[in-house]
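Numbering (the UniProt record's numbering), first residue to last: 1 to 753. Ideal Cβ positions, reconstructed from N, Cα and C, are used throughout, including at glycine. Everything below concerns the one structure shown next.
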Amino acid sequence: YLQSETKLYNGSDKDVSASGGKLTKKESLKVQKKNYREEKKRATKELLSTITDPSVIVMADWLKIRGTLKSWTKLWCVLKPGVLLIYKTHKNGQWVGTVLLNACELIERPSKKDGFCFKLFHPLEQSIWAVKGPKGEAVGSITQPLPSSHLIFRAASESDGRCWMDALELALKCSSLLKRTMIREGKDDMSTVAVEKQNRFHLNLKLDHLKDPDLYSDKSDREGEQDHEESDPEAIEKSEESDSDTSERQDDSYIDLDPNEHLLETLYLEQSHEELGEAGEAAQTETVSEENKSLIWTLLKQVRPGMDLSKVVLPTFILEPRSFLDKLSDYYYHADFLSEAAIEENAYNRMKKVVKWYISGFYKKPKGLKKPYNPIIGETFRCMWLHPKTNSKTFYIAEQVSHHPPVSAFYVSNRKDGFCLSGSILAKSKFYGNSLSAILDGEARLTFLNRGEDYVMNMPYAHCKGILYGTMTLELGGQITIACEKTGYSAQLEFRLKPFLGSCDSVNQISGKIKLGKEVLATLEGHWDSEIFISDKKTGTVDTFWNPTSDLRQSRLTRCTVSSEEQGECESERLWQHVTRAINNKDQTEATNEKFILEEAQRKSARERKAKCEEWIPALFEQDPVTGEWHYRYADTRPWDPLNDLIQFEKDGCIQTKVRHRTPMVRSGSLISLSNQGPRRDNCKCQVGHPNRKPSATFHAVIALLPPPSLAPLLLRLCYNGCICCLMCHICLCVFTATTCQVAEPKRLLLGG
Numbered sequence: 001y002l003q004s005e006t007k008l009y010n011g012s013d014k015d016v017s018a019s020g021g022k023l024t025k026k027e028s029l030k031v032q033k034k035n036y037r038e039e040k041k042r043a044t045k046e047l048l049s050t051i052t053d054p055s056v057i058v059m060a061d062w063l064k065i066r067g068t069l070k071s072w073t074k075l076w077c078v079l080k081p082g083v084l085l086i087y088k089t090h091k092n093g094q095w096v097g098t099v100l101l102n103a104c105e106l107i108e109r110p111s112k113k114d115g116f117c118f119k120l121f122h123p124l125e126q127s128i129w130a131v132k133g134p135k136g137e138a139v140g141s142i143t144q145p146l147p148s149s150h151l152i153f154r155a156a157s158e159s160d161g162r163c164w165m166d167a168l169e170l171a172l173k174c175s176s177l178l179k180r181t182m183i184r185e186g187k188d189d190m191s192t193v194a195v196e197k198q199n200r201f202h203l204n205l206k207l208d209h210l211k212d213p214d215l216y217s218d219k220s221d222r223e224g225e226q227d228h229e230e231s232d233p234e235a236i237e238k239s240e241e242s243d244s245d246t247s248e249r250q251d252d253s254y255i256d257l258d259p260n261e262h263l264l265e266t267l268y269l270e271q272s273h274e275e276l277g278e279a280g281e282a283a284q285t286e287t288v289s290e291e292n293k294s295l296i297w298t299l300l301k302q303v304r305p306g307m308d309l310s311k312v313v314l315p316t317f318i319l320e321p322r323s324f325l326d327k328l329s330d331y332y333y334h335a336d337f338l339s340e341a342a343i344e345e346n347a348y349n350r351m352k353k354v355v356k357w358y359i360s361g362f363y364k365k366p367k368g369l370k371k372p373y374n375p376i377i378g379e380t381f382r383c384m385w386l387h388p389k390t391n392s393k394t395f396y397i398a399e400q401v402s403h404h405p406p407v408s409a410f411y412v413s414n415r416k417d418g419f420c421l422s423g424s425i426l427a428k429s430k431f432y433g434n435s436l437s438a439i440l441d442g443e444a445r446l447t448f449l450n451r452g453e454d455y456v457m458n459m460p461y462a463h464c465k466g467i468l469y470g471t472m473t474l475e476l477g478g479q480i481t482i483a484c485e486k487t488g489y490s491a492q493l494e495f496r497l498k499p500f501l502g503s504c505d506s507v508n509q510i511s512g513k514i515k516l517g518k519e520v521l522a523t524l525e526g527h528w529d530s531e532i533f534i535s536d537k538k539t540g541t542v543d544t545f546w547n548p549t550s551d552l553r554q555s556r557l558t559r560c561t562v563s564s565e566e567q568g569e570c571e572s573e574r575l576w577q578h579v580t581r582a583i584n585n586k587d588q589t590e591a592t593n594e595k596f597i598l599e600e601a602q603r604k605s606a607r608e609r610k611a612k613c614e615e616w617i618p619a620l621f622e623q624d625p626v627t628g629e630w631h632y633r634y635a636d637t638r639p640w641d642p643l644n645d646l647i648q649f650e651k652d653g654c655i656q657t658k659v660r661h662r663t664p665m666v667r668s669g670s671l672i673s674l675s676n677q678g679p680r681r682d683n684c685k686c687q688v689g690h691p692n693r694k695p696s697a698t699f700h701a702v703i704a705l706l707p708p709p710s711l712a713p714l715l716l717r718l719c720y721n722g723c724i725c726c727l728m729c730h731i732c733l734c735v736f737t738a739t740t741c742q743v744a745e746p747k748r749l750l751l752g753g
């Protein structure tokens with residue numbers, strides 16, 4: 001009897017010890033009533049969270065619904081686990097009604113008309129409607145009257161209808177799993193878990209948000225809870241018999257933390273030295289020695305004007321001792337500008353902050369005329385910046401996903417500050433006799449997570465002149481565009497090359513304009529490595545828009561790189577370490593030899609893959625077969641939830657978020673189908689290794705339990721070494737042994753597992 005009551009108890013041993021180790025019948029009833037009220041509140045909170053969370057959506061589209069008068073109305077339908085929300089418009093503003101799916105049945109309905117019909121109905125002809133709306137609405141928007149016990153839907157095509165049927169079947173199955181049982185295993189008092197131990201937080205980043213007072217509703221609630229413990233038993237009994245609790249703090253069951261659990265994250269170390277370069281032309285010119293001139297002439301004999309230089313082996317004296325993947329990270333030392341832009345309410349000011357951030361990535365220049373290493377296929381680079389103002393981190397992940405053509409893919413994420421950025425760059429180079437141009441062909445997409453805004457931008461090209469005669473000089477040129485389709489704002493910038501007879505003041509010039517549609521709101525003029533002025537067209541005022549002063553340079557975010565002990569063999573710093581050491585020691589012969597060893601190994605690997613008819617599969621990125629765009633495999637673009645999300649971290653190239661409670665979530669589908677993803681790591685971190693074994697008969701039993709084919713890529717994927725992982729609960733089932741894999745972070749099964 002005592003054992004069953006203990007299971008029903010909420011998990012705090014403190015009150016049990018206070019009663020002498022045993023509960024009387026009266027005390028047991030009080031505990032059960034308290035658990036009953038907390039369970040009821042938590043169930044309500046969880047359902048409301050599912051309904052109101054914009055990231056928890058199974059499907060949303062326009063459907064025609066037949067009313068009681070047998071006429072059809074086109075309404076916006078949003079399917080979530082357990083409920084179907086119906087609106088008059090796609091902006092979710094005019095609520096019509098909410099269908100509770102837990103008591104519904106689904107059936108296809110034949111029809112003479114075009115499209116595809118299906119029916120949701122209550123088998124006992126009872127009401128299928130919720131009493132209130134997602135925001136507490138008591139009365140829905142005015143529309144034609146709808147039946148109370150059933151709804152008939154019509155999709156535009158059979159494929160759309162089948163997809164809705166599959167999604168509804170999934171939502172019907174998931175609705176019962178949203179209900180939580182009251183019988184839970186006991187846990188330690190969560191007051192000891194308010195701050196997770198920081199043994200693995202090598203960056204010494206303060207986790208103030210773990211002990212944030214916002215975890216409680218207000219100060220009086222915390223004080224009320226403390227007074228509640230110190231009050232007499234009679235007062236406790238009276239307060240517990242009231243349906244309204246004095247404590248409205250966040251329910252402990254949402255905190256999925258173990259006080260002894262270590263966070264498995266990558267060890268990052270602060271960058272010790274950074275070379276910025278000076279403003280003006282001096283840092284962009286170089287006088288070539290006689291010895292190196294002979295090397296240039298030897299190189300020029302191999303090329304002709306208009307030729308692509310991607311396959312030409314360049315001498316090491318013009319190399320900057322770091323990889324191109326590292327070079328691309330120069331644009332995020334002022335990522336705090338993006339943090340400010342994400343919370344800026346005015347769309348025009350938001351665009352100005354984005355432009356300011358974009359320009360801030362260019363004033364860091366290597367001394368002299370230098371070119372970074374061409375990355376080797378499969379090469380990766382990771383780094384991170386600390387944001388002291390917001391107590392957050394910006395993570396940068398890059399990988400060379402192709403060698404011919406040379407494509408570099410990258411992903412930047414700071415979910416806490418509300419932005420992420422992804423893109424890919426195809427590096428091209430053209431020789432024009434006395435000059436050559438390095439063209440960065442590709443786009444980057446900046447996303448503000450809380451706003452759903454995408455800012456698409458391209459890159460200028462680098463132009464080097466004076467190869468045969470004159471002083472070798474490097475400049476930036478070309479027109480770039482930053483555009484946000486949602487707001488209609490755009491910016492056009494032009495990087496100007498120095499004219500043939502231009503003065504020193506005409507170096508590094510930039511001009512541009514910020515527009516709303518076709519209307520020019522402001523113009524920009526100045527130098528991208530020094531001062532830029534903005535002129536407002538309406539007011540006529542001219543202000544300083546950008547100026548990399550010494551104070552601003554001191555405010556650059558601190559970059560941290562992966563410690564050498566945790567770097568893989570294909571990570572940039574470790575891969576090029578011998579070449580870098582030789583260049584820093586000014587030993588060009590040794591640098592050339594080490595560079596040749598790496599390049600020859602790459603050629604040999606390419607020949608072997610070609611002989612075996614194998615294609616290179618990147619580890620961290622995957623390509624959209626339709627658009628050709630490269631996307632980060634572990635991208636998480638959900639808005640930051642301060643009540644549930646604790647900290648963002650990275651491990652083995654996978655950017656993850658530590659959460660208090662794993663909520664039901666349908667992530668966007670993988671771009672590669674379930675059948676051809678192959679062995680790779682995923683969030684589940686499976687430790688089972690069977691890379692060369694064939695699935696047993698158990699595999700077919702597992703496949704029989706999978707969702708409908710149209711939804712399988714959304715919910716499941718093959719993770720590391722051939723295990724099926726549910727994306728909603730992150731629990732993995734080994735297809736060889738039919739057992740649950742050992743995961744780094746075991747999660748409670750919520751749904752779909």
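Between the alpha carbons of G442 and S424 lies a gap of roughly 6 Å. The beta carbon of A60 lies closer than 6 Å to those of V78 in the same chain, with the five residues before and after it left out.
Note on V407: 16 or more other CB atoms within 10 angstroms of its CB, so buried under the neighbour-count rule. Judged by DSSP in its simplified three-state form, A438 adopts strand. Within the model, the alpha-carbon separation for L267 versus R350 is close to 34 Å. Under the three-state reduction of DSSP output, G512 falls in the strand class. In the same chain as K416, and ignoring 5 residues on each side of it, the C-beta atoms closer than 7 Å to its own belong to T390, S392, W640 and Q648, in chain order. Counting only runs of 4+ residues, the alpha helix (DSSP H) found wholly inside the segment 586 to 638 occupies 588 to 611, in chain order.
Per DSSP, the continuous beta strand (DSSP E) segment holding R382 begins and ends at T380 to H387.
For W576 against Y373, the beta-carbon gap comes to about 6 Å, under 8 Å, which counts as contact. The secondary-structure analysis by DSSP pairs F495 across a beta bridge with G478 and I510. With fewer than 16 other Cβ atoms inside 10 Å of its own Cβ, A611 counts as exposed. Here the alpha carbon of L521 sits roughly 7 Å from the alpha carbon of K513. The bridge partners DSSP lists for M165 come to none. Rounded to the nearest angstrom, the gap between the Cα atoms of V626 and S360 is 33 Å.
The beta carbon of D536 lies closer than 6 Å to those of A522 in the same chain, with the five residues before and after it left out. Cβ atoms of M457 and I482 come within 8 Å of each other, at about 4 Å. DSSP places A156 outside both helix and strand once states are collapsed to three, so it counts as coil.
For A171 and N102, the gap between their C-alpha atoms comes out near 9 Å. Its chain contains Q400, S402, H403, Q602 and W616 as the residues whose beta carbon lies nearer than 7 Å to that of I377, once the 5 sequence neighbours on both sides are disregarded; these appear in chain order.
The beta-bridge partner set that DSSP reports for H463 consists of S437 and E475. Looking from the CA of F324, the closest CA among E599, K74, S572 and A335 belongs to S572. Pairing L85 with N644, the inter-Cα distance amounts to about 24 Å. With a contact defined as Cβ atoms closer than 8 Å, E475 and D454 miss out at about 30 Å. Look at T580 here: in three-state DSSP terms it is helix. A Cβ-Cβ contact shorter than 9 Å links Q492 with Q479.
Rounded to whole angstroms, the gap between the alpha carbons of L120 and K135 is 24 Å. With a threshold of 16 other beta carbon atoms within 10 Å, P642 falls short and is exposed.
Collapsing the DSSP output to three states places D529 in coil. Within the same chain, Cβ atoms closer than 7 Å to the Cβ of E566 are found at T266 and L267, the five residues on either side in sequence being excluded. For E105, the uninterrupted beta strand (DSSP E) segment begins and ends at E105 to R109. Contact check for A130 and T98: beta-carbon distance about 4 Å, within the 8 Å limit, so the pair qualifies. Boundaries of the alpha helix (DSSP H) harbouring E573: S572 to L575, taken from the DSSP string. Residue environment analysis places N584 among the exposed positions, since fewer than 16 neighbouring C-beta atoms fall within 10 angstroms of its C-beta. DSSP places Q400 in the strand class (E or B) of the three-state scheme.
Assignment of beta-bridge partners to M457 by DSSP yields A444 and I482.
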